[in-house]
Amino acid sequence: MDELIATAHELTIEIGGMPIVVRTGSEEFAHLLQSRYGGFVSHDGAPPAYELEVELAPPGAVSDADDVEVRRESGRWVMERGDFRAEWDPRRREGWVRQTANPYSIDCVLRILHSLILAREGGFLVHAASAIRHGRAYLFAGVSGAGKTTLSRLAPPDVALLTDEISYVRRRGTGYEAFGTPFAGELARIGENLRAPLATLFLLAQGPENRIEPVDQSEAVHALLRHILFFAQDDEMVHQIFESTFDFVSRVPVRRLVFTPDSRVWELIV
Amino acid sequence: MSPLYIARSKEIAARQLGGEMMIMSARDSTLFNLNDVGTVIWEAADGITPLEEIVGRKVCGEFEIDAAEALADAESFVRELAGHGILVVSDEPIGSGQVSGQPVAPPPASSEVPE
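Below, the structure is given as structure tokens:
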């Protein structure tokens, strides 16, 4: 009889100030999540904003989807990839995931969930490194190989790294704030769980010297749209992201940071 | 040759920035920039004015372009946009159900988000 009663293990993963309680029947998986999300696991006992049940499946494909698919069905979001299938009800603020016991599947689900939640309030996840210096946050956007991880590695000790891969941006007052994320790139180190008002978005370009160049608003819109994580081909989402992008470039300075892989580039970020 | 009617698709988001029209397809998230002539045609795409009339009155009137050449270019342009779901093209007038009411998105209702 005892084996029919699954013990729920739960932990709250708070990214971007949004606590999501994750429940699983596996103590081992709960420990794995605790280890994976480290400083982003909240212990303050605050009520969760969202709830997610994780059901572990035996090894093997969970879904037929080759790549990530996100679609809306009867007011719920359905997300799937070969290694997971998940549903999310935005009105009830809850969902479930069926996946094998690995941290990569739920990591992808969390990225999608946060991107969906953020879109509704004018924020977004973006392919960018980010860091805080002197109380102000800076984003460094670029495709793979543009230098996000390199720039993060070169950061001096007074810089707090928020992420070297996926940055978290929310509207606040008349501007924007950047938050740390556990979504790491080649640095393989989760960011610090900190936040700060966003001072500048830099578009990364490697060159023979370090310099900052102006970027016109049209180019800024194009570049930002290219780097925002955008999972759902959905009319409402497209409008939200499109409007957020224009709003962002009207409020946050966007510049091109041409840099050579040398720590002196950080002398420009003050 | 029968007249061609064009209408802005409802499945797009559009904004004008510094004289440049930027349009994003909700179908595939592709972003388009329209030049001056393209923007004029886009803004006039109401579903009921034939393309030939739009080109004659708006394009040739404003940009001093040969009418036959302008119409051929415009047809090619609208068919390309239709291929991406940005415009609806038909040989009959297009009902308002398929048309976006405004050529560009209205400004946000509020410029601030509460803390």
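Going line by line, the protein sequences match chains A and B. Residue numbers 1 to 270, in the numbering used here, belong to the letters of the first sequence in order. Residue numbers 1001 to 1115, in the numbering used here, belong to the letters of the second sequence in order. Backbone N, C-alpha and C define an ideal beta-carbon position, used for all residues, glycine too.
Should B/Asn1035 go down as buried or exposed, given a rule of 16 or more other Cβ atoms within 10 Å for buried?
exposed
Short of 6 Å in beta carbon distance, which residues of its chain neighbour A/Gly147, apart from the five on each side in sequence? Order them along the chain.
Leu204, Gln206
Ignoring anything shorter than 3 residues, give me the beta strand (DSSP E) runs that lie fully in the stretch 73-135 of chain A, in order along the chain.
76-81, 84-89, 94-99, 124-133
How would you label A/Glu165, buried or exposed, when you count the other beta carbons within 10 angstroms and need 16 or more for buried?
buried
Among A/Ser152, A/Leu257, A/Val169, the one whose alpha carbon lies nearest that of A/Ala188
A/Ser152
Check whether the Cβ of A/Ser218 lies closer than 9 Å to any Cβ atom in chain B.
yes
Leaving out five residues on either side along the sequence, give the residues of the same chain with a beta carbon under 6 Å from the beta carbon of A/Arg71.
Val78
Give me the chain B residues within the contact set of A/Asp235, using Cβ-Cβ distance strictly less than 7 Å, ordered along the chain.
Glu1011, Ala1026
Among A/Gly17, A/Val62, A/Phe259, A/Gln233, nearest to A/Glu73 - alpha-carbon criterion:
A/Gln233
Going straight from the alpha carbon of A/His9 to that of A/Phe179, what length do you get?
27 Å
Note down, in chain order, every chain B residue with its Cβ under 8 Å from the Cβ of A/Phe242.
Ala1013, Arg1015, Met1024, Ala1105
Compute the distance between the beta-carbons of A/Val68 and A/Thr24, then report whether it is under 9 Å.
no
Is the number of C-beta pairs between the stretch 79-96 of chain A and the stretch 105-112 of chain A that are closer than 8 Å three or more?
yes
Residues in its own chain within less than 8 Å of B/Gly1038 by CB, not counting five upstream and five downstream?
Met1021, Phe1077
Quick one: residues in its chain with C-beta nearer than 8 Å to the C-beta of A/Arg93, no 5 flanking neighbours on either side, listed in chain order?
Ala49, Tyr50, Glu51
Quick one: does B/Leu1087 have its CB under 9 Å from some CB of chain A?
no
Is the distance from the Cβ of B/Ala1013 to the Cβ of B/Ile1023 below 9 Å?
yes
Burial state of A/Ser244 (16 or more Cβ within 10 Å):
buried
Residues near B/Ile996 by beta carbon distance below 7 Å, same chain, minus five either side:
No information on residue 996 of chain B is available, as it lies outside the stretch 1001 to 1115 that chain B covers here.
Below 9 Å between beta carbons: does that hold for A/Leu161 and A/Ser263?
no
Environment of B/Ala1070 [buried if 16+ CB atoms lie within 10 Å]:
buried
Does A/Phe124 come within less than 9 Å of chain B when only Cβ atoms are used?
no
At a Cβ threshold of 9 Å, is A/Val238 touching chain B?
yes
Quick one: is A/Gln34 buried, meaning 16 or more other Cβ sit within 10 Å of its Cβ, or exposed?
exposed
Burial state of B/Pro1108, where buried means 16 or more other Cβ atoms lie within 10 Å
Model confidence at B/Pro1108 stands at a pLDDT of 42, short of 50, so the residue's coordinates are unreliable; what they give is reported in the following sentence. Burial call: exposed.
B/Gly1083 versus chain A: which residues are under 7 Å apart at the beta carbon?
Within 7 Å Cβ-Cβ: nothing; B/Gly1083 doesn't reach chain A, min ~17 Å.
Beta-carbon gap between A/Arg170 and A/Gly17 smaller than 9 Å:
yes
A/Thr12: buried (16+ other C-beta within 10 angstroms of its C-beta) or exposed?
buried
For B/Leu1031, return the contacting residues in chain A, with the cut-off set at a CB-CB distance below 7 Å.
His222, Leu225
Output the boundary residues of the beta strand (DSSP E) element that contains A/Phe248.
Looking at the DSSP string, A/Phe248 is not in any beta strand (DSSP E); the run it does join, the alpha helix (DSSP H), is 235-251.
Can you pull the chain B residues whose beta carbon is under 8 Å from the beta carbon of A/Phe230, in chain order?
Ser1029
DSSP three-state call for A/Arg189: helix, strand or coil?
coil
Going by CA-CA distance only, name the one from A/Gly135, A/Phe40, A/Phe242 that's closest to A/Leu224.
A/Phe242
So the beta strand (DSSP E) A/Phe29 belongs to, where does it begin and stop?
Element bounds for A/Phe29: not the beta strand (DSSP E) but the alpha helix (DSSP H), 27-37.
Does any CB atom of chain B fall closer than 9 Å to the CB of A/Met1?
Its pLDDT being 45, under 50, A/Met1 is placed unreliably in this model, and the coordinates cannot settle the point.
Checking contacts by CB at 9 Å: is B/Gly1018 closer than that to chain A?
yes
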